[in-house]
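Residue 120 is where the sequence shown starts when you use this note's numbering, and the numbers rise one by one after that. A quick write-up on the structure given underneath.
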Amino acid sequence: MNTQLTDLMNRATENLEPVTADLLERSVAQGLRQRRRRTVLLTASGAGAVLATAGLIGGGIQLLSSPADAGVAGTAAPLTKPSVKSSTKTPPASVTPTETLATLRTLLAARGLKLSKPETWGGGDFAGAAYVADDGKGGARVDVMLSGGGEGNPCVPVRSGCTRLADGSVLYVSPVSPEYTDGRQAQHGVVSRYVTLFRKDGRNINLTSYNAPDEKGQNHTRQNPILSGSELSELAKSKSWKLPAVNTLKPAGKSSLKAKTK
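See below:
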């Protein structure tokens, strides 16, 4: 029995692909794409969970309470309800996808780029926006995703492309990588690069530049992404971005769905 089990384990692992830098980079890029798309179901499911929990607690209190519980023999029942202090704390301001789109438009237009096909998604602790930008050599997508936090720091552990800034944040610049891992890459030829500015409080700014009008399904219009790594880094460092409030929750997993408004 032990010999058979060992043989089966050897067969199962002999063809596994070793972890390479290219494989790691594709995994990080895929994670970024999933973060860009997951906000709508996250918001809906999170609100539903809170309401369901509140309903269960409220129902449990009503079921456990009864007139007989109002007072115990020999004990006077309270004549008034205990006072509850009202909260005057102002909820933290949140950025909207529309505001994010406006900031992206201002920063890209300042570079002399012609913009079309505006797109937004997200809300709450995430906000995303995109444009097709054209410098006269072919239109290509540029998008941004702002997060209140909850994601892993791309520079832990430190790797090539990471830079620590004076304010304690870190900047990661990815190499140019293909969007497809199969035969469609030869057909469409879409490549991209992205940067992530990860702040000390966990909030982050993610910008991605493509060499095609969209990340999937369209042919490339130029050889390389329309913005270089240094140009994306400059955009990420801009003080114009309004970030969501710090997300103190650590999400175990979030759904991927991009809501579009054009």
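Where a beta carbon is used, it is the ideal one built from N, C-alpha and C, also for glycine.
- For residue 247, the three-state secondary structure derived from DSSP is strand.
- Contact annotation, residue 324 with residue 252: C-beta distance approximately 17 Å; criterion of less than 8 Å not satisfied.
- Per the coordinates, the alpha-carbon of residue 237 lies some 10 Å from the alpha-carbon of residue 221.
- Between residue 280 and residue 288, the gap from beta carbon to beta carbon reaches 8 Å or more.
- Note that the C-beta distance between residue 257 and residue 341 is below 8 Å.
- Counting along the chain, no alpha helix (DSSP H) covers residue 266; the unbroken beta strand (DSSP E) around it starts and ends at 258–266.
- Cβ-Cβ separation between residue 314 and residue 298: approximately 17 Å, too far for a contact (criterion under 8 Å).
- DSSP lists no bridge partner for residue 320.
- With 16 or more other CB atoms across the displayed protein chains lying within 10 angstroms of its CB, residue 330 is buried.
- Taking the Cβ atoms as the reference, residue 234 lies roughly 4 Å from residue 250, within the contact range of under 8 Å.
- DSSP, read as helix, strand or coil, puts residue 278 in coil.
- Looking at the backbone, the Cα of residue 320 and that of residue 286 are separated by about 11 Å.
- Nearest C-alpha to residue 262 among 219, 244, 364, 270: 219.
- Close CB contacts of residue 255 within its chain, under the 7 Å cut and outside five residues either way in sequence, are absent.
- The C-beta distance from residue 268 to residue 366 rounds to 4 Å, short enough to fall under 8 Å.
- The distance from the Cβ of residue 248 to that of residue 216 is about 6 Å, consistent with a contact at the 8 Å cut-off.
- Measuring C-alpha to C-alpha distances from residue 362 to each of 316, 283, 278, 277 identifies 316 as the nearest.
- Here residue 359 is near residue 225, since their CB atoms are less than 8 Å apart.
- In the structure shown, residue 225 adopts helical secondary structure according to DSSP, grouped into three states.
- In this structure, the CA atom of residue 228 is about 32 Å from the CA atom of residue 303.
- In the structure shown, residue 355 adopts helical secondary structure according to DSSP, grouped into three states.
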